[in-house]
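Q:
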Amino acid sequence: MAKSSTKKSVRYRQSPVITFLVVAAVIFICVTSIVRATSLHTKSKQLAETEKTMELKVEEAKQEQANLDAQEKYMQTNEYIEDVAKDKLGLVKPDELVIRPAE
Numbered sequence: 001m002a003k004s005s006t007k008k009s010v011r012y013r014q015s016p017v018i019t020f021l022v023v024a025a026v027i028f029i030c031v032t033s034i035v036r037a038t039s040l041h042t043k044s045k046q047l048a049e050t051e052k053t054m055e056l057k058v059e060e061a062k063q064e065q066a067n068l069d070a071q072e073k074y075m076q077t078n079e080y081i082e083d084v085a086k087d088k089l090g091l092v093k094p095d096e097l098v099i100r101p102a103e
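Below, the structure is given as structure tokens:
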């Protein structure tokens, strides 16, 4: 018991090599984190740009779909049938006169 009361405070001296390795490891981790963050930020910008492009394509596709729906609806009317008969088949109604330009 006498020994425990007379214990001296022992200070351990760290080796400069260990200190250097710890500092190097911390610097390496910091640099790696910065490089990774920069890479992720660039990738995020690219994905945001791709998202905008895809949203524009979706809007264009919706507009095209609306146009096709309107065209389909028009193609089911009598007016469309008459237009095709006049333009492509050269048919006319009995009370119409056909005027052709002189060649």
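Residue 59 in the working numbering sits at position 59 of the sequence shown, and the numbers go up by one each step. C-beta: ideal position from N, C-alpha, C; glycine also.
Can you confirm whether P94, when its beta carbon is compared against all beta carbons of chain D, has any partner nearer than 8 Å?
A: No chain D is part of this structure, which consists of one protein chain only.
Q: Could you have a look at A102 and say whether DSSP puts it in helix, strand or coil?
A: Correct three-state label for A102: coil.
Q: Using only the alpha-carbon positions, how far apart do V58 and Y74 sit?
A: Going from the Cα of V58 to the Cα of Y74 covers about 24 Å.
Q: Tell me whether P16 sits in a helix, a strand or coil according to DSSP, three-state version.
A: Three-state result, P16: helix.
Q: Tell me the DSSP secondary structure of K93 in three-state form.
A: K93 falls in the coil class under three-state DSSP.
Q: Look up K88 in the DSSP assignment and say whether it is helix, strand or coil.
A: Coil.
Q: Is Q65 helix, strand or coil when you go by DSSP?
A: Of the three classes helix, strand and coil, the one that applies to Q65 here is helix, per DSSP.
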